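Here is the structure we will look at.
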Amino acid sequence: MSDDGGALTDKGRDQVRHLVERVRSRRVAAVYSSQMGRAVESAELAASELGLRALAVDGLQEFSVGDLAGVGIHDDRAQQVFGAWLHGDLAAAFPGAEDGQAVVKRFKGALEEIADRHRGETVLVFTHGGAMSLAIPRLSFNLRNDLAAQRFLPNCVPAEVEIDADGWRVVTWPGATDQLTDQGAT
Numbered sequence: 126m127s128d129d130g131g132a133l134t135d136k137g138r139d140q141v142r143h144l145v146e147r148v149r150s151r152r153v154a155a156v157y158s159s160q161m162g163r164a165v166e167s168a169e170l171a172a173s174e175l176g177l178r179a180l181a182v183d184g185l186q187e188f189s190v191g192d193l194a195g196v197g198i199h200d201d202r203a204q205q206v207f208g209a210w211l212h213g214d215l216a217a218a219f220p221g222a223e224d225g226q227a228v229v230k231r232f233k234g235a236l237e238e239i240a241d242r243h244r245g246e247t248v249l250v251f252t253h254g255g256a257m258s259l260a261i262p263r264l265s266f267n268l269r270n271d272l273a274a275q276r277f278l279p280n281c282v283p284a285e286v287e288i289d290a291d292g293w294r295v296v297t298w299p300g301a302t303d304q305l306t307d308q309g310a311t
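For the sequence shown, the working numbering begins at 126 and goes up steadily by one.
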C-alpha cells in the first residue's frame with residue numbers, strides 16, 4: 126500500500142476512454158480529481174477527450190495508510206482497519222494516519238464544494254475506491270452504511286451521486302463483490 130497514488134497504466138487509459146464514451150452524451154460541465162497521481166492523469170485524459178480542463182482539488186484523495194506504507198493490501202493490520210470502517214467503526218485508524226471519520230468529513234466537504242459550484246450540472250470526479258466506498262454510503266440517505274462491504278467500487282466505473290439541498294442520493298452503485306482482486310490499477 127502507498128500514499129503516492131501511483132501512475133496510470135495502458136489499461137487505465139483505456140478504461141478512462143471507455144468511461145468518457147459512456148458519459149459523453151451527459152454534457153459533462155467539468156472534470157475534477159484528487160491530487161494523487163492516477164486520479165490527476167485520469168482526469169486530464171478525460172477532460173482532454175471532452176474538451177474541458179481538469180482541476181485537482183484537496184479532500185478527494187484516498188485514505189492515508191500512514192505507518193503501513195509499503196505493506197501489502199492483504200496485511201492483517203491494513204485489513205483490520207479497513208474492515209472496521211466498512212462495518213461502522215470509523216474511529217479506527219491506520220497508525221500515523223487519519224481515522225474513518227476524518228476521511229468521510231474531508232471527502233464530504235470536497236464533493237459538496239464541487240456540487241455547490243455546479244448546481245444542476247453533471248460533473249466527472251476522479252477519486253479513489255477506498256474513500257468512495259467508505260464515504261458515499263454514509264453520506265447518502267438511500268444506502269446502507271455497509272454497502273461497500275458487499276459491493277466495493279472497481280476502478281474507473283462510475284457511481285452516480287446527486288448532491289443537493291435535500292442531501293446525497295446515489296443513483297447507481299456498480300460495485301464488485303471482491304474488493305481484493307487486482308482490477309487493473311488505473
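For each residue, glycine too, the CB sits at the ideal point set by N, CA and C.
Please read these numbers as outputs of a predicted model, since none were measured by experiment.
> What number of angstroms, rounded off, separates the C-alpha of R263 from the C-alpha of T247?
Replying inline: Cα to Cα, the separation comes out at about 22 angstroms.
> Do V182 and A240 come within 8 angstroms of each other at the CB atom, strictly closer than that value?
Replying inline: In this structure, V182 does not lie closer than 8 angstroms to A240 by Cβ.
> Which word fits G255, buried or exposed, when buried means at least 16 other C-beta atoms lie within 10 angstroms of its C-beta?
Replying inline: With 16 or more neighbouring CB atoms inside 10 Å of its own CB, G255 falls in the buried class.
>> I'd like the span of the alpha helix (DSSP H) that includes G173, first residue to last.
In response: Sequence check: residue 173 is Ser here, not Gly. Taken as a continuous stretch (DSSP letters only), the alpha helix (DSSP H) holding S173 covers G162 to L175.
> Residues in its own chain within less than 7 angstroms of F232 by CB, not counting five upstream and five downstream?
Replying inline: Here the set comprises G184, L185, A256 and A260.
> Which residues does DSSP pair with R294 in a beta bridge?
Replying inline: R294 is bridged to E287.
> In its own chain, which residues sit with a C-beta less than 6 angstroms from the C-beta of A168, not counting the 5 before and 5 after it?
Replying inline: Excluding sequence positions up to five before and after A168, its CB lies within less than 6 angstroms of the CB of V156, S158, A179 and F251, all in the same chain and listed in chain order.
>> Could you tell me the alpha carbon to alpha carbon distance between R142 and Q160, rounded to whole angstroms?
In response: Looking at the two C-alpha atoms, the distance is approximately 20 angstroms.
> Which residues does DSSP pair with L278 in a beta bridge?
Replying inline: Its beta-bridge partners do not exist; DSSP assigns none.
> Thinking just about the alpha-carbon of each residue, which of V282, A209, A218 and P279 is nearest to the one in N270?
Replying inline: Residue A209 is the option with its Cα nearest to N270.
> So does the segment 278–285 actually touch the segment 223–230, counting three or more Cβ pairs closer than 8 angstroms?
Replying inline: No, because fewer than three Cβ pairs between the segment 278–285 and the segment 223–230 fall closer than 8 angstroms, the two stretches do not touch.
> Is F207 helix, strand or coil when you go by DSSP?
Replying inline: In the structure shown, F207 sits in a helix (DSSP, three-state: H, G or I).
> Grouping DSSP H, G and I as helix and E and B as strand, with all else coil, what is S258?
Replying inline: Reduced to three states, the DSSP call for S258 is helix.
> Within this structure, are the beta carbons of D192 and P220 separated by less than 8 angstroms?
Replying inline: Yes, these two residues count as a Cβ contact at 8 angstroms.
> Going by beta carbon distance, what residues of the same chain come within less than 8 angstroms of A310, once the five residues before and after it are set aside?
Replying inline: With a pLDDT of only 35 at A310, under 50, the local geometry of the prediction cannot be trusted, and the value read off the model is given with reservation. Beyond the five residues adjoining it in sequence on each side, A310 comes within less than 8 angstroms, by CB distance, of G131, T134, K136, G137, R163 and N280 in the same chain, given in chain order.
> With distances taken between CB atoms, is the gap from E237 to I288 smaller than 8 angstroms?
Replying inline: Yes; because the gap between Cβ atoms is below 8 angstroms, this pair is in contact.
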